[in-house]
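Report on one structure; see the data block that follows.
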Amino acid sequence: NAGVMQNPRHLVRRRGQEARLRCSPMKGHSHVYWYRQLPEEGLKFMVYLQKENIIDESGMPKERFSAEFPKEGPSILRIQQVVRGDSAAYFCASSPLRGGFSEQYFGPGTRLTVT
Amino acid sequence: KNEVEQSPQNLTAQEGEFITINCSYSVGISALHWLQQHPGGGIVSLFMLSSGKKKHGRLIATINIQEKHSSLHITASHPRDSAVYICAVPPNTGNQFYFGTGTSLTVIP
């Protein structure tokens, strides 16, 4: 059973470009969380999704950021018109149940660098 | 105000020492998670616990729900234990997780 997969592992974008980060959860997991880790800071919750639904996006900036988890395919975190402050590691995690009641399995992360 | 506080922030130990990392939280929870982040950045879930104590190998996690406190212990520490250890809590209300800032552990041979 493959673990959580994220791609790309490293992404370089110029200011103003779009960044698309992909997360394939573990087989059988329908709950996906996205987290951001700024340099020298801790993990911060961004968004929680179930298949085809955004359940909680309270940690996501209101502008330029969006997330989806379609019926088929990976979950996507999309950042439009990136700025230097978006440079961070973005982790997704999946679980078979809502996160409070089961372990979360983390992907290796995508390290976004905005130049 | 941080919902989760960890201590110490940094910890250096000699190989073989017994290590304790503490986590206090202010929100109501049903379970608490301990995570390990390797120097390369990958994150592994170590424990999820809602009461008492759990043990995996040389790692032991305890929690006191009433006192809103958890500890992670490492017995007979080894250089490969060097990592950042993170406490995470999913509050009973809402869907997000709150994370501690992590404890950076270095075990010297």
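Quick note, the sequences are listed as chains A and B, same order.
Heads up, the first sequence is in my numbering, so the first residue is 1305 and it goes up one at a time.
Heads up, the second sequence is in my numbering, so the first residue is 9 and it goes up one at a time.
Beta carbons: idealized from backbone N, C-alpha and C, even for Gly.
Query	Result
With a CB to CB cut of under 6 Å and the five nearest residues on each side skipped, what residues in its chain are close to R1382 (chain A)?	R1324, S1370
Which class does G60 (chain B) belong to by DSSP, given the choice of helix, strand or coil?	strand
Counting C-beta neighbours from all protein chains within 10 Å, is the total for V97 (chain B) 16 or more, i.e. buried, or is it exposed?	buried
Using a Cβ cut-off of 8 Å, pull out every chain C residue sitting near Y1352 (chain A), in sequence order please.	Here the protein chains are A and B, and chain C is not one of them.
Measure the alpha-carbon distance for L67 (chain B) versus C1327 (chain A) and round it to whole angstroms.	30 Å
Look up P99 (chain B) in the DSSP assignment and say whether it is helix, strand or coil.	strand
What does the Cβ neighbour count give for L43 (chain B), buried or exposed, with the cut at 16 atoms within 10 Å?	buried
Can you look up R1415 (chain A) in the DSSP assignment and give me helix, strand or coil?	strand
What are the residues that DSSP puts in a beta bridge with Q1321 (chain A)?	Per DSSP, none; premise fails for Q1321 (chain A).
Does the region 60 to 74 of chain B come close enough to the region 17 to 25 of chain B to have 3 or more Cβ pairs within less than 8 Å?	no
Please confirm whether V115 (chain B) and S79 (chain B) have their CB atoms less than 9 Å apart.	no
Helix, strand or coil: which one does DSSP assign to R1340 (chain A)?	strand
Going along chain A in order, which residues have a C-beta closer than 8 Å to the C-beta of S53 (chain B)?	E1407, Q1408, Y1409, F1410
Between which two residues does the beta strand (DSSP E) carrying S1398 (chain A) extend?	1392 to 1399
Over what stretch of residues does the beta strand (DSSP E) that includes S79 (chain B) continue unbroken?	77 to 82
Going by Cα to Cα distance, which pick from B:T28, B:G24, B:K61 is closest to V15 (chain B)?	As written in the sequence, residue 15 (chain B) is Ser, which differs from the Val given in the question. The residue with the shortest Cα to Cα distance from S15 (chain B) is B:T28.
Are there 16 or more other CB atoms within 10 angstroms of the CB of G1389 (chain A), so buried, or fewer, so exposed?	exposed
Can you look up R1326 (chain A) in the DSSP assignment and give me helix, strand or coil?	strand
If you draw a straight line from the C-alpha of I94 (chain B) to the C-alpha of A69 (chain B), how long is it?	12 Å
Do you know how far the Cα of G24 (chain B) is from the Cα of I1359 (chain A)?	45 Å
Spell out the partners DSSP gives S1379 (chain A) in its beta bridges.	A:C1327
Mind checking who N1357 (chain A) pairs with in its DSSP beta bridge?	A:Q1354
From the DSSP output, read off the bridge partner residues of Q1310 (chain A).	A:C1327
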